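Chains as they are written, first to last, in the numbering used here: chain A, 11 to 234; chain B, 11 to 234.
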DNA sequence: TTCTGGACTGACCATACAGTCATGTTATTA
DNA sequence: TAATAACATGACTGTATGGTCAGTCCAGAA
């Protein structure tokens, strides 16, 4: 559906441009081909995310991805070199977003308490809104060779940011002196565990409730 | 090596018994065949544990397991029906032991503080002594269809035991009132995360140190 | 020494699946 | 409308691997 609207739009707009045209503001304009190509790409990525979330990398079959994307298997290979490249694409997309989102919200928060809450709540909310991604993480955290280190990297920055906030607060005497990095990591651990339990459906309370619970526990542990 | 010693022992002991003989205390005695059979079984399980720890279930190849066990592939199938059965055998063995070990040590501890320490320390020490098992857990927690629920079951009992100890302590006023089960789960989360970081080699301190750190954090969070 | 049952072997089979490519199909240009 | 280019298709190929089984070997019996 979207496909046809998009194509018609470009047809009216730029006729049959083969090279990127320029729009008034100077940024390059997408050609029809690029739009189509990006559309297919994202369809395939969506299908792959869904399949990998259900089956994992090894058992997530290319035929299934193609079928779910509504194209033939050969088409998938017009857009991606290999299964692994699709997997990477899914994670690069999603994890990068998640990382940035977490960093932003921690930075936006003023107090340490709010920063901790920002961390847990961002993860919990994203897990809610993007169950498939978190299922993949849950399923495959390290199973596929190249992901183990990658996963850590994606978590690493937010955790370090949290750690430095903890460090600052401790220095200001707002909380007791702690090994800030270790504390930041175990906050991440608790959050992940809570998310996993939510994914297993043991919990139908809103994310904010879990976040509140975690914050209360953590804050009690940090009190001077 | 062990094999030959064992066989010779049985030869001297019970000559060529085909049926289980009786020893004085009335328990049935193993025949030579049983000893041989159990020896092979455990060789295969050890090989499988090692292969699965390195490769995971899907990429852990039967030929590799057979080779590492020092037998032909056909022999493996004399002892196990399928790859899945071997995997189950590895986990049943090890996880059951780990579960019992954890329960015992929690029960042996008197105070809540000691019980919490028993939980974390048992897990940390076992992770140290049985790296391969924990690598499998880390790698495959839910990847293979039948394991997801199984893993939770193995953790569930120790966590509930811990939860009830927390509940009691809260009732006696030793700690503040908390949702004991949730707290027990996040203690498990922190422990698991710490173990995973240890497995990644980020940490060469003794397990007792990590355990002490966790206990201090948790205890601060629970203080009245 | 010869015989026999059962443990062991590894070449072999069947299947599943990632990736390819000859053959359409559709859109665009002239 | 015909020619061309670009995109899409799915049957097909090569390989990896779980599982099998006809045959070998050998400890112990007679």
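A virtual CB, placed ideally from N, CA and C, is assigned to each residue, including glycine.
Bear in mind that the values here come from a model prediction, so they are computed numbers and not experimental data.
query, result
"Residue span of the alpha helix (DSSP H) that contains residue 58 (chain B), given as start and end", "42-69"
"Secondary structure of residue 217 (chain B), DSSP reduced to three states", "helix"
"Cα-Cα separation between residue 145 (chain B) and residue 44 (chain A), rounded to whole angstroms", "44 Å"
"C-beta neighbour in chain A for residue 223 (chain B), strict 8 Å", "yes"
"Stretch-stretch touch, CB-based, cutoff 8 Å, three pairs: the region 155-169 of chain B with the region 158-178 of chain A", "no"
"Per-residue burial, residue 190 (chain B) [other beta carbons within 10 Å of its own, 16 or more giving buried]", "buried"
"Any chain B beta carbon closer than 8 Å to residue 203 (chain A)", "yes"
"Alpha helix (DSSP H) runs wholly inside the region 69-149 of chain B, at least 4 long, in chain order", "72-79, 83-89, 93-118, 122-139"
"Interface partners of residue 192 (chain B) on chain A, CB under 8 Å", "223"
"Endpoints, the alpha helix (DSSP H) within which residue 203 (chain B) is located", "190-209"
"Cβ-based neighbour list, residue 74 (chain A), same chain, cut-off 7 Å, excluding 5 preceding and 5 following", "61"
"Under the three-state DSSP convention, the category residue 162 (chain A) falls into", "helix"
"Close-in-space but distant-in-sequence residues of the same chain around residue 137 (chain B) (CB under 6 Å, 5 per side omitted)", "144, 205"
"Chain B within 8 Å of residue 195 (chain A), Cβ atoms only", "yes"
"Chain B residues whose Cβ lies nearer than 7 Å to that of residue 200 (chain A)", "196, 199, 200"
"Of the listed residues A:175, A:54, A:94, nearest to residue 69 (chain A) (C-alpha basis)", "A:94"
"With 16 other Cβ atoms within 10 Å as the buried cut-off, status of residue 197 (chain A)", "buried"
"Buried/exposed call for residue 33 (chain A), threshold 16 Cβ in 10 Å", "Summary for residue 33 (chain A): the model assigns pLDDT 39, below 50, so the residue's position carries little reliability; its value from the coordinates is reported in the next sentence. With fewer than 16 other Cβ atoms within 10 Å, it is exposed."
"Cβ-based burial, residue 211 (chain B) [other Cβ within 10 Å; buried from 16]", "exposed"
"Closer than 8 Å to chain B by CB, residue 68 (chain A)", "yes"
"Test: residue 107 (chain B) CB closer than 8 Å to a CB of chain A", "no"
"Own chain partners of residue 172 (chain B) with C-beta closer than 6 Å, once the 5 adjacent residues on each side are dropped", "129, 194"
"Residue 184 (chain A), DSSP secondary structure in three states", "coil"
"CB contact check: residue 163 (chain A) to chain B, cutoff 8 Å", "no"
"Helix, strand or coil at residue 234 (chain B) [DSSP, three-state]", "coil"
"Chain A contact for residue 230 (chain B) (CB, 8 Å cutoff)", "yes"
"Test: residue 133 (chain B) CB closer than 8 Å to a CB of chain A", "no"
"Neighbour flag for residue 64 (chain A) against chain B, beta carbons, 8 Å", "no"
"Residue 49 (chain B) versus residue 115 (chain B) - alpha carbon distance", "30 Å"
"Residue 154 (chain B) in three-state terms, based on DSSP", "coil"
"Residue environment, residue 216 (chain B), which counts as buried when at least 16 other CB atoms sit within 10 Å", "exposed"
"7 Å Cβ shell around residue 37 (chain A) - same chain, five flanking residues per side excluded", "Caution is warranted here: a pLDDT of 38 is assigned to residue 37 (chain A), below 50, making its placement in the model unreliable, and no coordinate value can be reported."
"Residue 227 (chain A) in three-state terms, based on DSSP", "helix"
"Inter-residue Cα distance where the pair is residue 183 (chain A) and residue 174 (chain A)", "14 Å"
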